[in-house]
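Novice: Below is a structure I'd like to ask you about.
Chains as they are written, first to last, in our numbering: chain A, 179 to 320; chain H, 235 to 486.
And the structure:
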């Protein structure tokens, strides 16, 4: 019998990361040697501690040549057993996601039923736009 | 060439690389609209609606309707009742028809001599390739719908995802009658989109017990995610997923 793998990932924390990355573009780099390159400024950035469903998370991100090359979790929740469990499993996975997401090129995305009503806000719509798809809204139905 | 249209209550995207005119894609959309005209549970003119109203006798339904009725019954038996087209006393095969319709379109495009294409209809994806084109298929993060949580690079694959975060609790556990609670999203990958779709619905309804069930389905792999962000992946699914998800975990 094949083994089923149980993996833990505090996906909710990714939302915090996304917000953080938006913010980082507006921040003054802490490193004086930082230069503007690509999307992000080079340097090491410490994120503010953010409340998540699993407790506060503080993140340090290292950027070289405009690419995120490392993510370090400085303060993960540990005040109760549940949070610790989630932290222990989620940190490496989160880190991997963060590092690889910027090179991801996806053609299609599978999620639970995207209604026509919800399409315009969907990731699939963003992918279609990026690929130059013609979207016929004429037959759109809710 | 990629085109998006809206039918069957969802967004349908068809991508056929290198195609010069959109005739084949428009025909595919037309095919889906015809299926919707027959199987829409809402349109008062649909055969399904009229059948449920008692305006068409069971013995006088179309051959397509008969085929879907039989297939839904087979799926119900195969999944021990966890996939069911019976809903509040009416016949609602919507959970079957979407995958079935996507498979119809797949066959039509193949009949045109084209074997590199990708069809997406509200979570159901069929990717096909002559081998040169690699499709990259993401699985949506059910807890943050603007991002994918993993990618599969493939030349040929069917992938279906069931969940209740987009349309409300549209799947109920037919055994308990209540909304299933273990998972917010269940993705099934395998060779056939109809089967993948049925299995995704069934495993979502089964909850964690469904992981053992899917283990016995030859050729089908699962990725299930719960509301706390934990995910459960079969070993082959873990191999298929290129990024995220696969870094840490424990064997259960």
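Don't be surprised by glycine CBs; every beta carbon is placed ideally from N, CA and C.
Going by CA-CA distance only, name the one from 431(H), 454(H) and 389(H) that's closest to residue 357(H).
Specialist: Against the second chain, residue 357(H) aligns to sequence position 123. Minimum Cα distance to residue 357(H) is reached at 431(H).
Novice: Compute the Euclidean distance between the alpha carbons of residue 252(H) and residue 324(H), then round it to the nearest angstrom.
Specialist: Translated into positions along the second chain, residue 252(H) becomes position 18. Translated into positions along the second chain, residue 324(H) becomes position 90. Those two C-alpha atoms are separated by around 44 Å.
Novice: Under a Cβ-count criterion, where at least 16 other Cβ atoms within 10 Å of its own Cβ denotes burial, should residue 451(H) be classed as buried or exposed?
Specialist: Counting from one through the second chain, the residue named residue 451(H) turns up at place 217. With 16 or more other Cβ atoms within 10 Å, it is buried.
Novice: What span of residues does the alpha helix (DSSP H) with residue 338(H) cover, start to end?
Specialist: By one-based count along the second chain, residue 338(H) stands at place 104. Run containing residue 338(H): 328-345, per the alpha helix (DSSP H) assignment.
Novice: Cβ of residue 280(H) less than 8 Å from any chain A Cβ?
Specialist: Position 46 of the second chain, counting from 1, holds the residue named residue 280(H). It does not: the Cβ of residue 280(H) has no partner Cβ on chain A nearer than 8 Å.
Novice: Is the region 386-400 of chain H touching the region 346-366 of chain H in the sense that three or more CB pairs, one from each, lie closer than 8 Å?
Specialist: Yes, they touch.
Novice: Within 10 angstroms of the Cβ of residue 314(H), are there 16 or more other Cβ atoms? Answer buried if so, exposed if not.
Specialist: Numbered from its first residue, the second chain carries residue 314(H) at position 80. So residue 314(H) counts as exposed.
Novice: Give the single residue among 281(H), 320(H) and 466(H) whose Cα lies nearest to the Cα of residue 298(H).
Specialist: Numbered from its first residue, the second chain carries residue 298(H) at position 64. The residue with the shortest Cα to Cα distance from residue 298(H) is 281(H).
Novice: DSSP three-state call for residue 358(H): helix, strand or coil?
Specialist: Here residue 358(H) is taken as the residue at index 124 of the second chain, counted from 1. Residue state, collapsed to three classes: strand.
Novice: Name the two residues that bound the continuous beta strand (DSSP E) containing residue 249(H).
Specialist: For the purposes of this step, residue 249(H) is taken as the residue at position 15 of the second chain. That run of the beta strand (DSSP E) goes 244-249.
Novice: Can you tell which of 461(H), 284(H) and 373(H) has the C-alpha that lies nearest to the C-alpha of residue 416(H)?
Specialist: Position 182 of the second chain, counting from 1, holds the residue named residue 416(H). Comparing Cα positions, the closest option is 461(H).
Novice: If you compare alpha carbons, which of 475(H), 463(H), 449(H) and 269(H) is closest to residue 337(H)?
Specialist: Within the second chain, the letter at position 103 stands for residue 337(H). Out of 475(H), 463(H), 449(H) and 269(H), 269(H) has the C-alpha closest to the C-alpha of residue 337(H).
Novice: Provide the residue span of the beta strand (DSSP E) that contains residue 384(H), from first to last.
Specialist: Indexing the second chain from 1 puts residue 384(H) at position 150. That run of the beta strand (DSSP E) goes 382-388.
Novice: Spatial neighbours of residue 434(H) within its chain, please: CB distance less than 7 Å, with the 5 preceding and 5 following residues excluded, ordered by chain position.
Specialist: Reading the second chain from its first residue, position 200 is the one you call residue 434(H). Closer than 7 Å at Cβ, skipping near neighbours: 394, 395, 396, 420, 421 and 422.
Novice: Quick check: residue 302(H) and residue 327(H), are their CB atoms within less than 8 Å of each other?
Specialist: One-based indexing of the second chain puts residue 302(H) at position 68. One-based indexing of the second chain puts residue 327(H) at position 93. Against a cut-off of 8 Å, the Cβ pair of residue 327(H) and residue 302(H) comes out as a contact.
Novice: Compare the C-alpha of residue 261(H) against each of 283(H), 288(H), 320(H) and 341(H) and name the closest.
Specialist: Residue mapping note: residue 261(H) aligns to position 27 of the second chain, counting from 1. It is 341(H) whose Cα lies nearest to the Cα of residue 261(H).
Novice: Does the structure place the region 343-353 of chain H close enough to the region 270-277 of chain H that three or more beta carbon pairs sit under 8 Å?
Specialist: Segments in contact, no.
Novice: Beta-carbon separation of residue 392(H) and residue 448(H) under 8 Å?
Specialist: Looking up residue 392(H) in the second chain gives position 158. Looking up residue 448(H) in the second chain gives position 214. Contact flag unset, no.
Novice: Can you tell me the Cα-Cα spacing of residue 304(H) and residue 292(H), whole angstroms?
Specialist: For the purposes of this step, residue 304(H) is taken as residue 70 along the second chain, with counting starting at 1. For the purposes of this step, residue 292(H) is taken as residue 58 along the second chain, with counting starting at 1. Distance between the alpha carbons of residue 304(H) and residue 292(H): 12 Å.
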